[in-house]
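Q: Okay, handing you the structure first.
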Ligand SMILES: [Zn+2]
C-alpha cells in the first residue's frame, strides 16, 4: 500500500456516495493507506460539545433549543478540529458539505489557511444493480449470517450454513421500492454538490460497483495523484 508519507500536502477529501456504495469501508481504507482522518458532522458536533469549546457551547445551546446547528457553527467546529495535530496528513469529510452553499463556505474557510478541497470523490453506482444487491438481502434469525436471494443462498435450501437454523429475516427497508427511494433522494440532494465540484475541477468519479480491492486501488491512485 502507498506509504502515508507520499502525500506532500494535507488532503481535504469529500467522499460522496449513496447508501450501500461502500463509502464507510473505503473511508477506513483511506485512513489506513494515507493516515487521513475521517470527520463526520455528528462526531464533530458531539466532540466539540463534550470538550466545551466556544463553538461547541454555541452548538449545544442551539441543539437544546431544538434547533438545527447553523453552517457557521459547523464550520467553526471544523476549523478548530482541523488545527489539531492528528489531522496533519489530511481529512475525509463525511456528511458535510451537503449543499453547494455549504461547499462554497467550506472553500472560504480553507482559503483562509491557503488550503482547498483536494478532491471530491463520487462513488458512482448503477442504481438498478444496487436495488438488486440490497433488496435481495436477508439474514439468519439465529446467528445473523447474511444471505442473498441471487448471490448467496444457503447450501441446503432454507437451512443456515452456519448454525442450521431455519428461520430467516429481512429488514423492512431492504425492499426494492425503499432502495429506489433512497437512491433518488441521494441523487436529488447530491446533484448540485457534484456540479459545484465539477465546476471547480476537483470532481473524481469512481465506478463503485466493482470489487472492494479494485475500488481501493483506484481511490489510492487518485489520492496520490491529486495530493502530489
Ligand atoms: Zn444461522
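Numbering (full-length UniProt numbering), first residue to last: 1 to 228. Ideal placement from N, C-alpha and C gives every residue a C-beta, glycine not left out.
So does the stretch 100-120 actually touch the stretch 195-210, counting three or more Cβ pairs closer than 8 Å?
A: Yes, the stretch 100-120 touches the stretch 195-210.
Q: Helix, strand or coil for residue 120 per DSSP?
A: Residue 120: strand per DSSP, three-state reduction.
Q: Is the beta carbon of residue 169 within less than 6 Å of some heavy atom of ligand 1?
A: no
Q: Go ahead and pull the three-state DSSP assignment for residue 164.
A: coil
Q: Of all residues in the structure, which have a C-beta closer than 5 Å to any heavy atom of ligand 3, taken in chain order?
A: No copy of ligand 3 appears in this structure; the ligands present are ligand 1.
Q: Do the stretch 6-26 and the stretch 84-95 make contact, defined as three or more Cβ pairs closer than 8 Å?
A: Result yes; three or more Cβ-Cβ pairs closer than 8 Å.
Q: Which ranges would you report for the beta strand (DSSP E) in the stretch 78-140 if only whole runs of at least 3 residues count?
A: 90-94, 119-124 and 137-140
Q: To the nearest angstrom, report how far apart residue 188 and residue 44 are at their CA atoms.
A: Roughly 25 Å between the two C-alpha positions.
Q: Residue 172 by DSSP, collapsed to three states: which one?
A: Helix at residue 172.
Q: Starting from the C-beta of residue 126, find all residues in its chain whose C-beta is less than 6 Å away, skip the five residues before and the five after it, and write them out in chain order.
A: For residue 126, where only same-chain residues beyond five positions count, the Cβ hits under 6 Å are 209.
Q: Does the contact criterion of 3 or more C-beta pairs under 8 Å hold for the stretch 129-138 versus the stretch 164-174?
A: yes
Q: Sort 133, 162, 160 and 157 by Cα distance to residue 148 and report the nearest one.
A: Nearest C-alpha to residue 148: 133.
Q: Would the stretch 209-228 and the stretch 144-164 be scored as touching if the rule is three or more Cβ pairs under 8 Å?
A: no
Q: Helix, strand or coil, according to DSSP, for residue 149 in the structure here?
A: coil
Q: How many angstroms separate the CA atom of residue 73 from the CA atom of residue 141?
A: Cα to Cα, residue 73 sits roughly 44 Å from residue 141.
Q: Using a Cβ-Cβ cutoff of less than 6 Å, which residues in the same chain neighbour residue 143 once the five nearest sequence positions on both sides are dropped?
A: 162 and 163
Q: Do residue 23 and residue 106 have their C-beta atoms within less than 7 Å of each other?
A: The answer is no: Cβ separation not under 7 Å.
Q: Determine the DSSP secondary structure at residue 159, reduced to helix, strand or coil.
A: strand
Q: Measuring alpha carbon to alpha carbon, tell me which residue in 85, 176 and 155 is nearest residue 166.
A: 155
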